[in-house]
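Numbering (full-length UniProt numbering), first residue to last: 1 to 298.
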Amino acid sequence: MSRSTGDAIPINTYERSDAPSHVQVSRPAVVPFPVIGQPVRQEQSFVASAISSSDEPWYSRSPKAFTVSGIDVHVSPLLIIYVAFVIAMGSFDGLYHFGLSLFYCVVLFGTVLVHELGHCWATRNVGGVVSHILLWPLGGLAYINLDASSAKGDLWVAAAGPLTHIPMGLVWLLLSAITSGFVKDLAWEALWINVYLFAFNLLIPAYPMDASRILTSTLAICGVSVSAASIVVIGLSMIMSTALLVYGFWLVQLLPVFVGGYTMAETYKIYALRRAGQIHQHPSFAKYEQRSGASVGV
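Structural data, given as structure tokens:
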């Protein structure tokens, strides 16, 4: 991979469905859709440097594991550690729970992969471009570019991921009804994984979860101004992020704490751009006027 010199800063112009994107700053066009890690010459802005101290988030630096439907899938080393930990904990309860933990992890991240593929397939359907998928301990990130998409197209892409849980859930429900023993237990676990992911992604509008992206696209379709829409998105996201943190600390559950902290940090990036008067540099609002027909209001 060639690297440019001088002030070249590697960035990623692909938005992530249900995940954050790097703050976009104005720059001369070098390539239309740079892949992750490919350097693009740009001017470093104060806001960009304040929000991100590195060129790529630490969780983005993961090796490619395999390819599905022409889409590269990267796997974070932290995911491998997490899976090993879950399986090891299950082994203390005997061979049965060891096997259940093993297949549970396979089903969980297989389900997450299908969810992300749903976003990617919908992206291609509306004329967008897909870079790759990243699997990590908090789920999955689909790196996509929707510059040519309308607000309705963005809405479809955001909703496509959660919608994949309906057919998957029905398959596991049927399997649980016609099997017994280990397979039945695994099918029930898989069914609840799909129910949980469907509800969580559609009912928790904490950026960058799917519900927040659906909300943003809906506000654009309704012609709400960028300023008002950003206030709604930031406000709801902060409320839900705080609720996740409180829930996690109250029940001593680490996952809600990590997710709540993650969504709060990503929401703060939107807030920082809005406060600096540069909300249009955020991928969720970069082409808001063109998609909504709304003016920049207060």
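Yeah, the Cβ is synthetic: ideal placement off N, Cα and C, and Gly gets one too. Owing to the predicted nature of the structure, the values given are computational and were not obtained by experimental measurement.
Lys-287 sits in coil when the DSSP states are folded into three classes, being neither helix nor strand.
Between Val-257 and Leu-245, the C-beta spacing is below 7 Å. Assignment of Asp-154 by DSSP, reduced to helix, strand and coil, places it in the helix class.
DSSP links Asn-145 through a beta bridge to Val-129. Under DSSP, Thr-164 forms no beta bridge with any residue.
Counted as a single uninterrupted DSSP element, the stretch harbouring Asp-72 is not any alpha helix (DSSP H) but the beta strand (DSSP E) occupying residues 71-75. Its Cα nearest to that of Pro-283, the residue Tyr-207 stands out among Val-126, Ser-76 and Tyr-207.
DSSP places Leu-78 in the helix class (H, G or I) of the three-state scheme.
In the three-state reduction of the DSSP assignment, Val-257 falls in the helix class.
As the crow flies, the alpha-carbon of Thr-242 is around 8 Å from that of Met-264. Judged by pairs of C-beta atoms under 8 Å, the region 88-95 does not touch the region 108-127, as fewer than three such pairs exist.
Pairing Leu-102 with Val-171, the inter-Cα distance amounts to about 20 Å.
Take the alpha-carbon of Tyr-104 and the one of His-74: they are about 20 Å apart. For Ala-190, the uninterrupted alpha helix (DSSP H) segment begins and ends at 181-203.
Counting along the chain, no alpha helix (DSSP H) covers Val-252, and no H or E run does either. In the DSSP assignment, Ala-211 falls within the unbroken alpha helix (DSSP H) covering 210-221.
Counting only unbroken stretches of 4 or more residues, the alpha helix (DSSP H) elements lying wholly within the region 94-125 are 95-125, in sequence order.
Cβ atoms of Ala-151 and Ala-220 come within 8 Å of each other, at about 4 Å. Judged by their CB atoms, Ile-71 and Ile-133 are nearer to each other than the 7 Å cut-off. In this structure, Leu-197 lies away from Ala-187, with their beta-carbon atoms at least 7 Å apart.
With respect to Gly-161, Asn-194 sits apart: the two C-beta atoms are not nearer than 7 Å.
Shown here for Ile-204: same chain residues with a beta carbon closer than 7 Å to its own, the five before and five after excluded, namely Ala-211 and Met-240 in chain order. About 16 Å separates the CB atoms of Ser-149 and Gly-118; that is not less than 8 Å, and the two are not in contact. CA-CA distance, Ala-190 to Leu-251, rounds to 23 Å. Cβ neighbours of Ile-270 within its own chain (closer than 6 Å, five residues either side excluded): Ile-234 and His-282. Under the DSSP assignment, Val-68 falls in the beta strand (DSSP E) whose first and last residues are 64-68.
Just so you know, the alpha carbons of Gln-278 and Thr-179 end up roughly 56 Å apart. Taking the C-beta atoms as reference points, Leu-146 is found nearer than 7 Å to Asp-154. Taking the CA atoms as reference points, Thr-67 sits about 31 Å from Phe-285.
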